Amino acid sequence: MTEADDGWPPPGIDISVPSTARVYDAILGGKDNFKADREAAEVFVGHVPQAKECAQENRRALIRGVQYLVRMAGIDQILDIGCGLPTKQNTHEAAQEINPDTRVVYVDNDPMVLSHGRALLATDDSTRIVTADLRDPELILAHPDVRSFLDFDRPVALMVVGMIMQISEHENPNQILADLMEPLPSGSHLFLTAWPDTGDAAQRSLSRACLETLGNGWIRSLEQLEAHFLGMEMVSPGLEYVARWFPEEPDKPVPTFEELQPFERTQMAGIAKKA
Ligand code: SAM
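And the structure:
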């Protein structure tokens with residue numbers, strides 16, 4: 009996308025500084041980004057040459073997680089926070105391919121996601137998109153497009169995929185997740201992908217790239233990542249490196265840890281179920 013395109017950028021969008029959603033889009037090879045985003049993406053790739061593969065791995069894990077939630081766990085309501093800009097196979101498409109009645113509310117704090125999402129969802133009655141910040145769970149839970157569209161008397165899947173690393177320890181990510189899960193009934197699920205810190209150089213490069221370009225992107229110990237799931241029961245295979253995480257296909261042969269490339273050790277995924 010160029011800065012001269014008609015109607016772009018939408019009002020309220022500062023294209024002079026990179027935004028996570030647009031840098032992620034640039035890394036994935038999308039078109040919804042500007043010069044500052046592409047420059048940040050280049051810095052990213054300088055630190056992590058396989059940044060695109062990392063993003064693609066995360067997207068594939070997102071789709072597998074959605075397929076598990078809808079097909080295996082019977083979920084038909086999804087609250088996807090930090091949904092981003094990607095256009096190819098989004099949460100609602102993966103979910104509605106299995107159960108066309110699945111309702112999805114997307115939430116992102118980047119206003120460009122809203123304008124982009126509105127165009128994408130113009131004809132979709134089963135999906136809503138809201139501009140709000142994960143760090144304000146009260147506002148998200150009270151938002152009319154969330155409350156009128158999702159039935160909190162029935163299980164909901166909360167997705168925070170590829171973004172909990174953007175919340176600092178000072179902002180207390182686990183309390184935010186707990187506040188969001190609190191009103192959801194038994195049988196609800198929490199689906200996260202996150203960045204581990206096991207001392208691996210590739211993990212540290214990814215975090216450095218993110219901190220340098222976007223000012224956030226923290227890696228955390230395995231214990232800290234497990235704590236994001238608030239003590240709820242983990243769905244098999246638990247918290248795993250995304251390349252080893254196939255919740256829907258328990259019999260599928262998975263690579264051993266030793267077989268993973270360093271960049272494949274940068275992201276983990278997990279789903280937990282509320283008792
Ligand atoms: N969930 C998608 C995925 O995994 O492919 C997109 C992940 S993208 C790396 C992170 C997204 O989270 C961006 O769209 C960004 O705008 C959004 N985001 C970052 N911080 C946020 C916050 N505090 N509240 C809501 N959205 C946020």
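Numbering follows my numbering, with no gaps: position 67 of the sequence shown is 75. Quick reminder that beta carbons are idealized off the backbone N, C-alpha and C, glycines included. Quick caveat: nothing in here was measured; it's all calculated off a predicted structure.
Excluding sequence positions up to five away, which residues of its chain have a Cβ less than 7 Å from the Cβ of residue 23? Taking the sequence shown and counting its residues from 1, the one referred to as residue 23 is at position 15. Answer for residue 23: 11, 17, 42, 44, listed in chain order.
Have a look at residue 289 and residue 137 and give me their C-alpha separation to the nearest angstrom. Residue 289 is absent from the model: the chain starts at 9 and stops at 283.
Going along the chain, which residues of its own chain have a beta-carbon closer than 8 Å to the beta-carbon of residue 211, five neighbours each way excluded? Along the sequence shown, one-based indexing puts residue 211 at 203. Counting only Cβ-Cβ distances below 8 Å, and skipping sequence neighbours, we find 203, 204, 205, 227, 273, 274.
DSSP three-state call for residue 48: helix, strand or coil? On the sequence shown, position 40 is the one that residue 48 refers to. Residue 48: helix per DSSP, three-state reduction.
I'd like to confirm something about residue 58: is its beta-carbon nearer than 6 Å to some heavy atom of the ligand SAM, or not? In the sequence shown, the residue the question calls residue 58 occupies position 50. The answer is no for residue 58.
Taking 6 Å as the cut-off, is the C-beta of residue 76 nearer than that to any heavy atom in the ligand GTP? Among the ligands modelled here, namely the ligand SAM, the ligand GTP does not occur.
Within the present structure, is the beta-carbon of residue 221 separated from the nearest heavy atom of the ligand SAM by less than 6 Å? Within the sequence shown, numbered from 1, the residue matching residue 221 stands at position 213. No, Cβ of residue 221 sits at least 6 Å from all heavy atoms of the ligand SAM.
Please determine whether the Cβ atom of residue 41 lies at a distance below 6 Å from any heavy atom of the ligand SAM. Taking the first residue of the sequence shown as 1, we reach residue 41 at position 33. No; taking the cut-off as 6 Å, the Cβ of residue 41 has no heavy atom of the ligand SAM nearer than that.
Let me know the secondary structure DSSP gives residue 254 once reduced to three states. The residue labelled residue 254 in the question sits at position 246 within the sequence shown. Three-state DSSP puts residue 254 in coil, outside helix and strand.
Short Cβ contact (7 Å threshold) for residue 85 with residue 111: Reading the sequence shown from its first residue, position 77 is the one you call residue 85. Reading the sequence shown from its first residue, position 103 is the one you call residue 111. Cβ atoms of residue 85 and residue 111: closer than 7 Å.
Are the region 150-160 and the region 56-68 touching by the rule of at least three beta carbon pairs closer than 8 Å? no
What residues match up with residue 136 in a beta bridge as DSSP calls it? Indexing the sequence shown from 1 puts residue 136 at position 128. DSSP output for residue 136 lists 113 as bridge partner(s).
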